[in-house]
Each structure stands twice: as structure tokens, then as C-alpha cells.
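Everything below concerns the one structure shown next.
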Amino acid sequence: MRSQVNVNHKVFKSLGIYTQMMMGKIVVIVLSPIGQRRANQFCKKFYGQDTKTGGKIYRRRGLLDEIPHIKLARGVVIVSRENAPEVIRFIEKFGAEFHVRDVVLTPEDEAALRRANRR
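Spelled out as C-alpha cells, the structure:
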């Protein structure tokens with residue numbers, strides 16, 4: 005039996021068959037405790053913002069423009085385990101409430117994070 009070492013995967017044994025499942029982090033952000041003005045600043049810097057000036061549209065890039073992620077709902081994103089510390093530090097800097105849990109990624113999630121990583 006070969007030993008498998010890969011910090012991004014957990015190995016599960018099911019009916020004598022080994023499969024690898026990629027793990028990610030789900031991050032749930034609650035902005036209500038920091039107030040509306042601070043929440044707006046957070047969203048602009050976290051998600052980025054499209055702005056219109058003189059008929060032209062510009063993109064102000066946010067943290068998630070640089071990090072592969074899947075946005076599930078308002079304030080809920082999935083990121084890779086490698087990028088989770090950077091996201092957590094950013095949220096802590098703003099003093100927002102948040103919850104982080106490990107999540108098993110579906111094949112579609114894995115593909116989406118891989119595609120986003122190539123940009």
C-alpha cells in the first residue's frame with residue numbers, strides 16, 4: 005500500500021476503494037455588527053465594484069477578484085484551504101463576524117476553483 009501525502013485532500017475508504025475528495029473552506033460573513041458605512045466599505049474592498057463615469061464602466065478590483073472562489077449567496081463564499089487564511093485576515097481587519105467550516109467540494113466546485121485559478 006502506498007502512503008499518500010497531500011494536505012489538500014482527505015482519503016476516504018469506502019468498500020475497499022480509495023477515493024480522494026478535495027476539501028475547501030466555506031466562509032459565512034455577518035456584517036450587521038459593524039454598521040452600514042463600514043459594511044459598504046468592506047463589500048467594495050472584498051467583492052470589488054463596478055463604477056460608471058462619463059458613460060464608461062470601470063472595475064474597482066476587490067480581494068475576491070484575486071482569489072479563486074465560489075459565491076453561494078450574500079455573505080457566503082467557498083475558497084480553497086490555501087486561500088482561507090488570507091480571506092480570514094481580511095475579514096478580521098474589518099471587525100466583521102464570520103464563521104468558517106471545512107467543506108467537501110463537489111467535482112463542479114473543484115473545476116470552478118481550478119478554472120478561476122488559471123485567470
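Its first residue numbered 5, the sequence shown is counted upward by one per residue in our numbering.
All C-beta atoms in this analysis are idealised placements derived from N, C-alpha and C, irrespective of residue type, glycine included.
- In summary, ILE33 is buried, with 16 or more beta-carbon neighbours lying within 10 Å of its beta-carbon over all protein chains present.
- Approximately 16 Å separates the beta-carbon atoms of VAL83 and LYS49; this is outside 8 Å, ruling out the contact.
- Assigned with DSSP and collapsed to three states, LEU68 falls in helix.
- Residue pairing by DSSP places GLN53 opposite ARG64 in a beta bridge.
- When secondary structure is reduced to three states using DSSP, GLU101 falls in the strand class.
- In this structure, VAL81 sits near HIS73, with a CB-CB distance shorter than 7 Å.
- Rounded to the nearest whole angstrom, the C-alpha separation of GLY52 and ARG41 is 16 Å.
- Among the bridge pairs identified by DSSP, ASP106 is matched with LYS29.
- Between ARG63 and ASP54, the gap from beta carbon to beta carbon is short of 7 Å.
- In this structure, the straight-line span from the alpha carbon of ARG93 to that of THR57 is close to 32 Å.
- LEU76 counts as exposed, since fewer than 16 other beta carbons sit within 10 angstroms of its beta carbon.
- The distance from the Cβ of GLY99 to that of ILE38 is about 5 Å, consistent with a contact at the 8 Å cut-off.
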